[in-house]
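Peer 1: Respectively, the protein sequence lines represent chains A and B.
Quick note on my numbering: the first sequence kicks off at 4 and runs consecutively.
Quick note on my numbering: the second sequence kicks off at 4 and runs consecutively.
Protein chains: 2
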Amino acid sequence: MRKKSKYNVAIMGATGAVGEEMLKILEQRNFPVKRLVLLASARSVGKIYRFHGQDIPVQELKEDSFRDIDIVLASAGGLISKKFTPIAVKEGAVVIDNTSAYRTDPEVPLVIPEINPKDIKKHQGIIANPNCSTIIMLVPIYPIHKTHRIKRIIVSTYQAASGAGAKAMKELEDQTRDVLAGRPAKKEIFPHQIAFNLFSHNSAIKDEGYNEEEIKMVQETKKIFHSERIKVVPTSVRVPIFRAHSESITLELAKVPELQEIREVLANAPGVKIVDDREKNNFPMPLEASGQDDVLVGRIRLDISNPKGLCLFVAGDQLRKGAALNAIQIAEILIGRRDVVIANPEQNK
Amino acid sequence: MRKKSKYNVAIMGATGAVGEEMLKILEQRNFPVKRLVLLASARSVGKIYRFHGQDIPVQELKEDSFRDIDIVLASAGGLISKKFTPIAVKEGAVVIDNTSAYRTDPEVPLVIPEINPKDIKKHQGIIANPNCSTIIMLVPIYPIHKTHRIKRIIVSTYQAASGAGAKAMKELEDQTRDVLAGRPAKKEIFPHQIAFNLFSHNSAIKDEGYNEEEIKMVQETKKIFHSERIKVVPTSVRVPIFRAHSESITLELAKVPELQEIREVLANAPGVKIVDDREKNNFPMPLEASGQDDVLVGRIRLDISNPKGLCLFVAGDQLRKGAALNAIQIAEILIGRRDVVIANPEQNK
Numbered sequence: 004m005r006k007k008s009k010y011n012v013a014i015m016g017a018t019g020a021v022g023e024e025m026l027k028i029l030e031q032r033n034f035p036v037k038r039l040v041l042l043a044s045a046r047s048v049g050k051i052y053r054f055h056g057q058d059i060p061v062q063e064l065k066e067d068s069f070r071d072i073d074i075v076l077a078s079a080g081g082l083i084s085k086k087f088t089p090i091a092v093k094e095g096a097v098v099i100d101n102t103s104a105y106r107t108d109p110e111v112p113l114v115i116p117e118i119n120p121k122d123i124k125k126h127q128g129i130i131a132n133p134n135c136s137t138i139i140m141l142v143p144i145y146p147i148h149k150t151h152r153i154k155r156i157i158v159s160t161y162q163a164a165s166g167a168g169a170k171a172m173k174e175l176e177d178q179t180r181d182v183l184a185g186r187p188a189k190k191e192i193f194p195h196q197i198a199f200n201l202f203s204h205n206s207a208i209k210d211e212g213y214n215e216e217e218i219k220m221v222q223e224t225k226k227i228f229h230s231e232r233i234k235v236v237p238t239s240v241r242v243p244i245f246r247a248h249s250e251s252i253t254l255e256l257a258k259v260p261e262l263q264e265i266r267e268v269l270a271n272a273p274g275v276k277i278v279d280d281r282e283k284n285n286f287p288m289p290l291e292a293s294g295q296d297d298v299l300v301g302r303i304r305l306d307i308s309n310p311k312g313l314c315l316f317v318a319g320d321q322l323r324k325g326a327a328l329n330a331i332q333i334a335e336i337l338i339g340r341r342d343v344v345i346a347n348p349e350q351n352k
Numbered sequence: 004m005r006k007k008s009k010y011n012v013a014i015m016g017a018t019g020a021v022g023e024e025m026l027k028i029l030e031q032r033n034f035p036v037k038r039l040v041l042l043a044s045a046r047s048v049g050k051i052y053r054f055h056g057q058d059i060p061v062q063e064l065k066e067d068s069f070r071d072i073d074i075v076l077a078s079a080g081g082l083i084s085k086k087f088t089p090i091a092v093k094e095g096a097v098v099i100d101n102t103s104a105y106r107t108d109p110e111v112p113l114v115i116p117e118i119n120p121k122d123i124k125k126h127q128g129i130i131a132n133p134n135c136s137t138i139i140m141l142v143p144i145y146p147i148h149k150t151h152r153i154k155r156i157i158v159s160t161y162q163a164a165s166g167a168g169a170k171a172m173k174e175l176e177d178q179t180r181d182v183l184a185g186r187p188a189k190k191e192i193f194p195h196q197i198a199f200n201l202f203s204h205n206s207a208i209k210d211e212g213y214n215e216e217e218i219k220m221v222q223e224t225k226k227i228f229h230s231e232r233i234k235v236v237p238t239s240v241r242v243p244i245f246r247a248h249s250e251s252i253t254l255e256l257a258k259v260p261e262l263q264e265i266r267e268v269l270a271n272a273p274g275v276k277i278v279d280d281r282e283k284n285n286f287p288m289p290l291e292a293s294g295q296d297d298v299l300v301g302r303i304r305l306d307i308s309n310p311k312g313l314c315l316f317v318a319g320d321q322l323r324k325g326a327a328l329n330a331i332q333i334a335e336i337l338i339g340r341r342d343v344v345i346a347n348p349e350q351n352k
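Shown next, in the form of C-alpha cells:
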C-alpha cells in the first residue's frame, strides 16, 4: 500500500456489533484516518456515529461507495463481501474482510498479526480476518507451537452470543428477562433458547458431523500456522454470555513440556495476558476478558493423561481481538505502523 | 439388607437442592417407604414437606435420629456425613452417601447402577454416590468402554449452579436480575459473578493444578470402572445454567470405532437417550436434560484428529441422575427392586 500520512477508510457493515467496535478501535488507536465512510444497508441510513468529535452519517452501501477509499474494513456478512469486495478492490482499495468469504481462498492471506504478519505482503487486494474462535485459540498457543511444536489440539469452546451479532446479544437479554418473569422465551436469532441454556454451535453440520464453526477452526489453524500436519478436534458450544469467548484447550506437543518454561513462553507472548492464580482460584473469565485487547490464558497445567500434553483455559473478547481489533491490527501493518500492532509483552512479566 | 415390604427411610439434608429432589423421586418411583424422616439443621425445623399426600415435618439432625431407620440418603455435606454416618451405621442403617466423604475409601463401594451394581453387595453399611460430573460422564460412555475399551478421556464440563446447592441457584437468579437492572451483582456463594459469566470450577486447586472437582472425576472413574489404567484429563467449568451439567467428551479407544456401531451401543445403553439430529441441529442441551432421568448424548462423531478417537456431547440433570436419582437407584438395588432400577433402553431404538 502506498505510504500516506492519512487514509480514507470505509467500514462495511458499520452498524453491526463488529462494525461499531471497529469504529471505536480506529479512534482508540488513533488510526490515521483522513475520511471515514460508514456503509450499511439502506435501513440504517440516517444513523449517525461520533468519531473524533465529528458526526459521521451512515451511508447506503452501493457499488459506487468505494471511490478514493484506501482501506475497507468489511463485516457485513459473507454474501455482501462476495458482492462488494471485487468492486472495492477494482477501485484500488485493500479490503480486510472479517467474513468467511475469502478465508480458504489460497490467493488470500489469512492473518493474525501476532502469528503470520508477513503473509500480509502477499495480498492482492484482499486480506482475510480469521474466525473469532480461531484467533482466540491461536494467539496464546502459537508461542508454544514455536518452542514445542503442537501436533494436536483438542478444544471445546464456550462462545458468547456476540458471535452471532448485536441482535443475538439482544435476544440473550430479552429471553433472560422473559424467563425471569415467567414468560416464554422468544426465539428469533438462535434456533434454541439461549437464556440459562447452552447448545451446540448454531452453524450447519457438515460431513463427518462437524459444524461450520468447527471446520473453520480446523482449516484456518492449518493456513495460519502454515502446517497441513497440525490436527485439530473442536467442539463449538454457544453459552449464555454476552461478548467474550472462552476455550478449554488440551495440546499434544512434539516434546515433553516443563511448566516453568511454558509460563515464561506465555509471559513473553504478544497479545496474551496470564491470569492464573491457583490460590485465589482466579482464571480467565469472559466477563473480565470483555473490553480487553489481550487474550487471557490460565489453568496452565501439565496433562495428567499424557506426558507430552498441556492444558490451558483461555478467554478473549470476541468483538475485539476475535474480530475488529485483529482487522485493524492488519490495517496497521499494511500502512507500515508496526509500533502499535501488538500489545506490550512486558506487562506480563 | 433384610427383605421387608416397606422401609424406614431418612433423608439427611432434606431441605437442600438434592434432598428435596430425593423426596420427589422417592414418591415418583413409589419407593416402598414405611416411615420417612426428614433431617436437617435446627434452623430448618418447622418446614413441612408433602409426601404421598401426607405432611412431613423437618426434624433436627441429631445423634439419636437414626433409631429404626433402614436406609439413610445423605446429602448434607461431607463433614456432616463424616460425623453422622458412623452413628447411623451403628444403629443398623445402610447409608447411601451423596457427599465426597467416603468415595475414595477402599472399604466403601462407589456405585453407578448402570455400571457396577454388583459392588453394592460388598458394602459394610456405607455406599457412596459418585460426584455428579462423574455420573453424567460415565453413564453414556461405559457401554463404549465395554465394546471398545476406553484408554483416555479428555473432558471439558459446563456445570450448572445447582451443583453448589439451592443457594447457588438463587444467586444465579438474583445476580441476573441485578445485572439486567444495572445494579452490581452480589457474590455470596460463588467467588466470581455467575450471571452472564463462567469460571473455572470453584473448588480448591490441588497438586498439579487440578481442582477438587476434576480430581474426583479422575479418581472416581478408575474406581467405578475397576481400572487403574484408564486416563482422564478434565477441565471443570461453571456456567450460568440452573440445573443440568453438560460435558464435551473426546475418547481414545483401544480399537478403531465405527459410527454405526457406536450409535447402536448407545441406543441400547441403559439410562441414556440419544439426541443427535444433525439436520435440525438438535443436540443435548441442559434445558432439555433438566427434569429427565436419562443422560442425553449427541454430537456423536469420529475424532478427525485420531483414528481411534470418538467425540460426544452429553447433558444430564445434575440433581436427578447426577445425585438424587442415582442414590435412590442404589437403594432400589439394595432392597432387591431390580425391575425399576434403570430406564427402559427400548425407548432409544
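Glycine is no exception: its CB is placed at the ideal position from the N, C-alpha and C atoms.
Using a Cβ cut-off of 8 Å (strictly closer), state whether T18/B contacts chain A.
Peer 2: Here the question's residue 18/B lines up with position 15 in the second sequence. So no, T18/B is outside the interface.
Peer 1: For I144/A, go through chain B and note every residue whose CB falls closer than 9 Å to its CB, in chain order.
Peer 2: What you label residue 144/A is simply residue 141 of the first sequence in a count that begins at 1. Near I144/A there are no residues of chain B at all, since even the closest Cβ is about 15 Å away, more than 9 Å.
Peer 1: Less than 8 Å between the beta carbons of M288/B and H195/A, yes or no?
Peer 2: As a first step, residue 288/B is located in the second sequence; it is residue number 285 there, counting from the start. As a first step, residue 195/A is located in the first sequence; it is residue number 192 there, counting from the start. Yes; because the gap between Cβ atoms is below 8 Å, this pair is in contact.
Peer 1: What residues from chain B crowd round K234/A, counting only those whose CB sits closer than 7 Å?
Peer 2: Position 231 of the first sequence, counting from 1, holds the residue named residue 234/A. Here the neighbours are S308.
Peer 1: Residues in the segment 148-161 of chain A with C-beta within 7 Å of chain B's C-beta atoms, listed in sequence order?
Peer 2: Against chain B - using a Cβ distance shorter than 7 Å - the residues of the segment 148-161 of chain A are R155, I157, S159, Y161.
Peer 1: Quick one: which chain B residues come within Cβ less than 7 Å of S249/A?
Peer 2: Locating residue 249/A in the first sequence gives position 246, counting from the first residue. Per Cβ cutoff of 7 Å: L201.
Peer 1: So, is K65/A buried or exposed, given that buried needs 16 or more other C-beta atoms within 10 angstroms?
Peer 2: In the first sequence, the residue the question calls residue 65/A occupies position 62. By the 10 Å Cβ count, K65/A comes out exposed.
Peer 1: Using a 10 Å radius around the Cβ and a threshold of 16 neighbouring Cβ atoms, would you call Q178/B buried or exposed?
Peer 2: As a working note, residue 178/B is residue 175 in the second sequence. Buried: at least 16 other Cβ atoms inside 10 Å.
Peer 1: Compute the distance between the beta-carbons of S136/B and T238/A, then report whether it is under 8 Å.
Peer 2: Along the second sequence, one-based indexing puts residue 136/B at 133. Along the first sequence, one-based indexing puts residue 238/A at 235. In this structure, T238/A does not lie closer than 8 Å to S136/B by Cβ.
Peer 1: Determine, for M288/B, whether the minimum Cβ-Cβ distance to residues of chain A falls below 8 Å.
Peer 2: What you label residue 288/B is simply residue 285 of the second sequence in a count that begins at 1. Closer than 8 Å to some Cβ of chain A, the Cβ of M288/B qualifies, so yes.
Peer 1: Relative to the C-alpha of N214/A, which residue among E217/B, A167/B, R281/B is closest?
Peer 2: Walking along the first sequence from the start, residue 214/A turns up at place 211. Nearest option by C-alpha distance: R281/B.
Peer 1: From the DSSP secondary-structure annotation, give me the bridge partner or partners of C314/A.
Peer 2: Within the first sequence, numbered from 1, the residue matching residue 314/A stands at position 311. Paired residues: T253/A, R304/A.
Peer 1: Who are the Cβ neighbours of D320/A in its own chain at under 7 Å, not counting the five residues just before and after it?
Peer 2: Working through the first sequence from its first residue, we reach residue 320/A at position 317. R246, A247, A292, S293, G294, Q295, listed in sequence order.
Peer 1: Check V140/B in the structure and name its three-state DSSP category.
Peer 2: For the purposes of this step, residue 140/B is taken as residue 137 along the second sequence, with counting starting at 1. This sequence places Met at residue 140/B; Val is not what is there. Three-state DSSP puts M140/B in a helix.
Peer 1: Which two residues bound the contiguous alpha helix (DSSP H) that contains Q222/B?
Peer 2: Locating residue 222/B in the second sequence gives position 219, counting from the first residue. Start and end: 215-228.
Peer 1: Taking the DSSP output, what are the residues bridged to E24/A?
Peer 2: By 1-based counting over the first sequence, the position of residue 24/A is 21. DSSP, once it has assigned bridges, lists no residue as partnering E24/A.
Peer 1: Would a C-beta distance cut-off of 8 Å place L262/A and I218/A closer than the cut-off?
Peer 2: By 1-based counting over the first sequence, the position of residue 262/A is 259. By 1-based counting over the first sequence, the position of residue 218/A is 215. Against a cut-off of 8 Å, the Cβ pair of I218/A and L262/A comes out as no contact.
Peer 1: Under the rule that 16 or more other beta-carbon atoms within 10 Å means buried, what is N132/A, buried or exposed?
Peer 2: The residue labelled residue 132/A in the question sits at position 129 within the first sequence. N132/A is buried by the Cβ-count criterion.
Peer 1: Would you grab the beta carbon distance between M25/A and A330/A for me? Rounded to a whole angstrom, and I think it's under 8 Å.
Peer 2: Working through the first sequence from its first residue, we reach residue 25/A at position 22. Working through the first sequence from its first residue, we reach residue 330/A at position 327. Correct: roughly 7 Å between the Cβ atoms.
Peer 1: Using 8 Å as the threshold, is the C-beta distance between N309/A and E255/A below it?
Peer 2: On the first sequence, position 306 is the one that residue 309/A refers to. On the first sequence, position 252 is the one that residue 255/A refers to. Yes, the pair counts as a contact, with Cβ atoms nearer than the cut-off.
Peer 1: Got a sec: is the Cβ-Cβ distance from H126/B to anything in chain A below 8 Å?
Peer 2: Position 123 of the second sequence, counting from 1, holds the residue named residue 126/B. For H126/B, the answer is no, since every Cβ of chain A falls outside 8 Å of its Cβ.
Peer 1: Give me whichever residues DSSP pairs with K50/B in a beta bridge.
Peer 2: Within the second sequence, the letter at position 47 stands for residue 50/B. Its beta-bridge partners are V48/B.
Peer 1: Output yes if chain B places a C-beta closer than 8 Å to the C-beta of L141/A; else output no.
Peer 2: One-based indexing of the first sequence puts residue 141/A at position 138. No, no contact with chain B.
Peer 1: Between the C-alpha atoms of Q350/B and K276/B, what's the straight-line distance to the nearest angstrom?
Peer 2: Here residue 350/B corresponds to residue number 347 of the second sequence, with the count starting at 1. Here residue 276/B corresponds to residue number 273 of the second sequence, with the count starting at 1. Note that Q350/B scores a pLDDT of 40, beneath 50, so its modelled location is shaky; the value from the coordinates is reported in the next line. Whole-angstrom Cα-Cα distance: 8 Å.
Peer 1: Can you list, in chain order, the residues of its chain with a C-beta nearer than 8 Å to that of K352/B? Leave out the 5 residues immediately preceding and following it.
Peer 2: Position 349 of the second sequence, counting from 1, holds the residue named residue 352/B. With a pLDDT of only 35 at K352/B, under the threshold of 50, the placement of this residue in the model should not be trusted, and no figure is reported.
Peer 1: Mind checking whether the beta-carbon of A169/A lies closer than 7 Å to any heavy atom of the ligand FAD?
Peer 2: In the structure on display, the ligand FAD does not appear, and there are no ligands present to speak of.
Peer 1: With 16 other CB atoms within 10 Å as the buried threshold, where does D122/B fall?
Peer 2: Position 119 of the second sequence, counted from the first residue, corresponds to residue 122/B. It counts as buried.
Peer 1: Quick one: is G212/A near chain B, going by C-beta distance under 8 Å?
Peer 2: For the purposes of this step, residue 212/A is taken as the residue at position 209 of the first sequence. Chain B, which has a Cβ nearer than 8 Å to the Cβ of G212/A, makes this yes.
Peer 1: Ignoring anything shorter than 3 residues or poking outside the segment 120-170 of chain B, list the beta strand (DSSP E) runs there in chain order.
Peer 2: DSSP runs (the beta strand (DSSP E)) wholly in the segment 120-170 of chain B: 129-131, 153-161.
Peer 1: Take D306/A and list the residues in its own chain whose beta-carbon comes closer than 7 Å to its own, dropping the five residues that flank it on each side.
Peer 2: Translated into the one-based positions of the first sequence, residue 306/A becomes position 303. Within the same chain, D306/A has close Cβ partners T253, G312, L313, C314.
Peer 1: Between the alpha carbons of K27/A and H148/B, how many angstroms are there, rounded?
Peer 2: Position 24 of the first sequence, counted from the start, is the residue given in the question as residue 27/A. Position 145 of the second sequence, counted from the start, is the residue given in the question as residue 148/B. Using only the alpha carbons, I get a separation of about 52 Å.
Peer 1: In whole angstroms, what is the alpha-carbon distance linking A334/A and K324/A?
Peer 2: On the first sequence, residue 334/A is found 331 positions in, with the first residue counted as 1. On the first sequence, residue 324/A is found 321 positions in, with the first residue counted as 1. Answer to the nearest angstrom: the Cα atoms are 14 Å apart.
Peer 1: Please look up how many angstroms separate the CB atoms of I192/A and A167/A, rounded, as I've assumed it's under 8 Å.
Peer 2: Position 189 of the first sequence, counting from 1, holds the residue named residue 192/A. Position 164 of the first sequence, counting from 1, holds the residue named residue 167/A. Right, the Cβ-Cβ distance comes to about 6 Å (below 8 Å), so this counts as a contact.
Peer 1: For P260/A, which residues of its own chain have a beta-carbon under 6 Å away from its beta-carbon, when the five flanking residues on both sides are left out?
Peer 2: The residue given as residue 260/A occupies position 257 in the first sequence. Contacts found: H151, L313.
Peer 1: Could you tell me which of T102/A, S165/A, R241/A, M220/A sits nearest to H204/A, measuring between CA atoms?
Peer 2: The residue you call residue 204/A lines up with position 201 of the first sequence. Of the candidates T102/A, S165/A, R241/A, M220/A, the one whose C-alpha sits nearest the C-alpha of H204/A is R241/A.
Peer 1: Any beta carbon of chain B sitting closer than 8 Å to that of N134/A?
Peer 2: As a working mapping, residue 134/A is identified with position 131 in the first sequence. N134/A does not count as touching chain B.
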